[in-house]
Amino acid sequence: MDFRKLLTIALKDVRVLFSDRNLLLTMIAAPLALTFIIGAAFSKFTVGGGGGDVPIENIGVAVVNEDQGATVFLQKLNYGDIITNILVPADPANPPNDTLHKLIKAQKLTRDEAINQVKAGKLTAAILIPADFSASLDPNKDKPAQTQITVYRDTASPISASIVSSVVRGIVNNLTSGSIAIFAAKDQVSAGKANPALLIQSQKIAQTVNDQLQKSPPITLSERSVTGQKPVGSSFDPLQYFAPAMAIFFLTFTMAGSAGGIIEEGDHGTLQRMLSSPTTQATILGGKLGGTYISGVLQITILLIATALLAPLMGSPNSVWGTNILGVALVTLCAVAAATGLGTLIAGLARTAQQADTISSAVLILSGVVGGAFFNLAALGPAFQSVSKITLNYWATNAYSTLAQTGDLGAVLPNLIILLGMFVVYFGIGLMFFNRRLKL
Amino acid sequence: MNGIFNIALNDLKTVLRDRGSALTLFIVPIIMTVFLGLATTAGSSEAGTIDIVRPAQADALTTQFISLLRAEGGVQFTVCDLADAAAQPASCGLSDLKASGDLRALAEDRVKNTSTLVAIVIPANFAADAQAGKSVPLDYVGQGGLNAPQVVRQKVDAVLTRLNGSLLAARTVTDQAAPAADQRQTLYDATYQSATAIWTSNPVQLIEQTSTGDTVNPGTGFGQSAPGMGAMFVMINALGLSTLFITERETWTMQRLMMLPLARWQILGGKLLGRYLLGLITFGVMLIVGTLFGVKWGDWPGTILTVLVYTLAVTAMALALSTLVRSAGQARGIALLVSLTLAPLGGAWWPLGIVPRWMQTLGRISPIAWLQDAFTKMIFYGGHLVDILPQVGVLLLFALVFFAFGVSRFRYE
């Protein structure tokens, strides 16, 4: 094999590819545009002009407080008012600068107004507190009565509405815990296990339980990620996922198009002219596929530099690709190899350039969808996540994302091995078909 | 008019005869619709398993924790107690588990390879430490980043609130009652049991009602994904018109058509009508897919009008775009860039309500945003034809502007 000729063919193809402004649209502009659209849609840096704590903000909520209150320990108590005051700011023009009030924009409304606004899609949810809410938890009774708080939610906004339900559930559980403690104390007094004087301390018992539940609960959760990635609740930056996801998605198109270019050269007769020159078949094929590989590495490198430079300008607090340069380089080399292999396989199986175009569009879009390029597959459960592992998109994106968040090259070694394995399998089969075509 | 129809039907037949085009016209959109629909449907079916790693001898608090988590998880999550593998349901996949192995390492492997969503590690002396007033952390091991299972966390939090409420009630009541030392544990246990019984009776229930009156609406995610994917793929295929024009000029098909006894506007009309009908067929398939997955489209006249005017708008957009490109490669590149940018901006991939306000405003540049508005009104808010007239009007305006631009600049040769 003549390596000088091989390199000449490869570099010529790279030059042709990168001088085509039209192709640069799909290779560079499209992934950059999509990265920043998806990043902006889900990034935390978009909240309140930057540095916010929540990715979703200002969920419109109505609080309908119909609670009549109860007299507890000679004091008028209204749990409905407490919930309303937690959610609805005293001065709506200047709400407290905390996560709850960034997340939820609550207002007091009547039942009919609230339901009509949710039905019309003007509010995400209405929290309906019943008239007997405080009375049902009145510790003067023998035991708590059943009561219901209703979250009337907009069907069209399932994500925001489920956040409202979670917030309400947390507030109600905290309020209820104090009352339940009093009822439990009364049970002991009734059973003769505690002195009736204990009930004088009822208010203190409720207060202590409420305070400790919020400040120092006995059982806590220590959240840890098995992959070393940060949990969503911490400072996870979606750009660290979507920048590589989009880069890989569009890389697969470049690789398929570039490998498929060999078929077009056959159609135009340039391939036959090269075969008639004193150049071996292996050199020509090596040059063509080498050019494809170099183009892929260049494409990823350009996207890598562009996103790394542009992300901070958009307020992203993190380095999109992390700091492990060697790791990023290795992942790039392996991911491009796997994508070149897939491109070779598609081009090898197709009989015409148009067929290659059709097959690659379908296979690569599906591979992107299943591989998690556009949305989070975790919501679909483990079975669907397992399906995503047949795609190179999953392994390459996961490797970049893990590296960006942990910097640990060891954590992505399995990804590198699998990507190289994909390259060997795809490339081997694709090459076999290509060789047949060149012999014709 | 016959000439227009003949050209349109000929183009339509050519596309539909090509088996490859069935992939991009129907198969890929259907698969994407199903994936996206499932991903955005609030969980009503089984979502996965939660592994529990505990000491071989479970104390009372551990047993209660597992039991409460099973109740909270319902049909959506299966709780798998690794220390009692033989008694777990088949969906846990623990049939060949050896009891003597390192259960924590096994659970972490299962999380890593996504066999399970989360592993919760309960430490030794769980009940004793919690009752003694020590802070007891449970390790909660899951995937990181976007794969972190937040729904599981909500379920676990709900269980912990109950357990902590009971533990604190028992501790506080015992402290305040200050019984004799030999009575302390008895009072603690009795109060704990009382508090647990009251929590179990669920005195304050949180009822969720949806604005469409359903407790579970299977069409929720598909009400977003079916029209969204339909709109995106109709746009992708319509924008292929610019490639078609250039290819037909290069292969002299267009010039040959012009030699027929037809007016030029009839040729252009036929080409546009062919692409328009193709768009309607694609969207029709998406409507059927949505219906099969439970979408109640609401007002059918409104639905049909929305599809008709949206497809008209993107066909006009394709004509306008075709006057700006010079080569088939350029047309393909710009079509992909435009459609893949306008689709997420307009809310084809996710509801615009969850993105920042400035993106919601920016999204209005996409015809898809107006289409999704109209469908949201009809699917979720009982809207009728009259309610979606503003959206229909904007889509018609899109069509008018793009047609005016495209027709004025279109060159036949």
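Note that the protein sequences, when read in sequence, are chains L and G. To convert a position in the first sequence, counted from 1, into this note's numbering, add 81. To convert a position in the second sequence, counted from 1, into this note's numbering, add 1243. By construction, the Cβ of each residue, glycine as well, lies at the ideal position given by its N, Cα and C atoms. The structure presented is a predicted model; accordingly, all values stated were derived computationally and were not measured.
Nearest to residue i by CA position, among the options, is which residue?
| i | options | result |
| --- | --- | --- |
| L:G372 | L:T335, L:H349 and L:T360 | L:T335 |
| L:L204 | L:P211, L:A187 and L:A212 | L:A187 |
| L:G408 | L:A265, L:K183, L:A477 and L:E138 | L:A477 |
| L:I185 | L:V144, L:P319 and L:N479 | L:V144 |
| L:G120 | L:I386, L:R354 and L:Y322 | L:Y322 |
| L:L218 | L:N197, L:F99, L:I263 and L:Y233 | L:I263 |
| G:L1411 | L:K274, L:P298, L:L209 and L:K222 | L:P298 |
| G:S1334 | G:L1304, G:W1613 and G:V1318 | G:V1318 |
| G:G1263 | L:V232, L:S442, L:A485 and L:T360 | L:S442 |
| L:R234 | L:L256, L:I208 and L:P225 | L:I208 |
| G:A1371 | G:A1420, G:R1414 and G:G1590 | G:R1414 |
| L:T257 | G:Q1448, G:G1606 and G:V1552 | G:Q1448 |
| L:G377 | L:L423, L:T301, L:G161 and L:I300 | L:L423 |
| G:L1381 | G:F1308, G:F1618 and G:E1493 | G:F1308 |
| L:G161 | L:G141, L:K189 and L:T361 | L:K189 |
| G:Q1397 | L:T228, L:C415 and L:S243 | L:S243 |
| G:T1404 | L:K296, L:A480, L:G273 and L:K157 | L:K296 |
Would residue i and residue j be called neighbours here (beta carbons separated by less than 8 angstroms)?
| i | j | result |
| --- | --- | --- |
| G:G1239 | G:T1554 | Residue 1239 of chain G lies beyond the residue range present for chain G, which begins at 1244 and ends at 1656; the question has no answer from this structure. |
| L:G449 | L:N474 | yes |
| G:I1510 | G:L1500 | yes |
| G:M1478 | G:L1585 | yes |
| G:I1293 | G:L1360 | yes |
| G:A1561 | G:A1642 | no |
| L:G511 | L:G429 | yes |
| L:D148 | L:I196 | no |
| L:T232 | L:V245 | First, the residue type needs correcting, since residue 232 of chain L is Val and not Thr in the sequence shown. Yes, the Cβ-Cβ distance between L:V232 and L:V245 is below 8 angstroms. |
| L:R305 | G:V1384 | yes |
| L:A324 | L:T388 | yes |
| G:D1425 | G:F1369 | no |
Please work out which residues of its chain come closer than 6 angstroms, Cβ to Cβ, to residue i, disregarding the five sequence neighbours upstream and downstream, and give them in chain order.
| i | result |
| --- | --- |
| G:L1312 | V1322 and V1402 |
| L:G132 | With a pLDDT of 37 at L:G132, under the threshold of 50, the modelled position of that residue is not reliable, and the figure given next carries that caveat. The answer is none, since no qualifying residue turns up. |
| G:F1476 | P1272 and T1525 |
| G:S1468 | T1276, L1279 and G1280 |
| G:A1574 | S1485, T1486, I1489 and V1568 |
| L:F508 | G422 and T425 |
| G:G1626 | K1620 |
| L:Q198 | L204 |
With a CB to CB cut of under 8 angstroms and the five nearest residues on each side skipped, what residues in its chain are close to residue i?
| i | result |
| --- | --- |
| L:D348 | T433 and A434 |
| G:T1458 | Residue placement at G:T1458 is poorly supported in this model, since its pLDDT is 42, which falls under 50; the coordinates are not used for a value here. |
| L:G259 | I286, A287, Q288, V290 and N291 |
| G:V1552 | V1635, L1638, L1639 and A1642 |
If you run the structure through DSSP and keep just helix, strand and coil, what is residue i?
| i | result |
| --- | --- |
| G:K1514 | helix |
| L:R45 | The requested residue 45 of chain L does not occur in the structure, where chain L is confined to residues 82 to 521. |
| L:Y233 | strand |
| G:K1620 | helix |
| L:K189 | strand |
| G:G1385 | strand |
| L:E346 | helix |
| L:L92 | helix |
| L:G130 | Reliability fails at L:G130, whose pLDDT of 37 lies under 50, so the model's placement of it is uncertain and no value is given. |
| G:D1400 | helix |
| L:D148 | coil |
| G:I1365 | coil |
| G:P1461 | With a pLDDT of 44 at G:P1461, under the threshold of 50, the modelled position of that residue is not reliable, and the figure given next carries that caveat. Coil. |
| L:K157 | strand |
| G:E1351 | helix |
Can you list, in chain order, the residues of its chain with a C-beta nearer than 7 angstroms to that of residue i? Leave out the 5 residues immediately preceding and following it.
| i | result |
| --- | --- |
| L:L445 | T333, F334 and A337 |
| G:D1630 | K1620 |
| G:G1246 | L1505, Q1509 and G1513 |
| L:V249 | I208, I230 and V232 |
Strictly below 7 angstroms CB to CB, what residues from chain B border residue i?
| i | result |
| --- | --- |
| G:E1451 | The structure shown contains no chain B; its protein chains are L and G. |
Closer than 8 angstroms, Cβ to Cβ, to anything on chain G: give me those residues from the segment 269-302 of chain L, in chain order. Under the 8 angstroms Cβ criterion, the segment 269-302 of chain L contributes Q269, A272, K274, A275, N276, L279, Q282, K285, I286, T289, V290, Q293, L294, S297, P298, P299, I300, T301 and L302.
Chain-ordered residues of the segment 397-427 of chain L with a beta carbon less than 7 angstroms from chain G: Answer in chain order: no residues at all.
Would you list, in chain order, the members of the segment 188-209 of chain L that have their beta-carbon closer than 7 angstroms to a beta-carbon of chain G? For the segment 188-209 of chain L, which is checked against every Cβ of chain G, the residues closer than 7 angstroms are V199, K200, A201 and G202.
Under 9 angstroms, CB to CB, which of the residues in the segment 1307-1318 of chain G have a partner in chain L? Residues passing the 9 angstroms Cβ filter: F1308.
Below 7 angstroms between beta carbons is the criterion; list the residues of the segment 233-244 of chain L that meet it against any residue of chain G, in chain order. Cβ contacts with chain G come from Y233, R234, D235, T236, A237, S238, P239, I240, S241 and S243.
In chain order, what residues of the segment 1390-1415 of chain G put their CB closer than 7 angstroms to some CB of chain L? The segment 1390-1415 of chain G vs chain L, Cβ under 7 angstroms: N1390, A1391, P1392, Q1393, Q1397, V1399, A1401, L1403, T1404, L1406, N1407, G1408, L1410, L1411, A1412 and T1415.
Taking a Cβ distance cut-off of 9 angstroms, strictly less, list which residues of the segment 1260-1279 of chain G are near chain L, in chain order. Within the segment 1260-1279 of chain G, the residues whose Cβ lies closer than 9 angstroms to any Cβ of chain L are, in chain order, D1261, R1262, G1263, S1264, L1266, T1267, I1270, V1271, I1274, M1275, F1278 and L1279.
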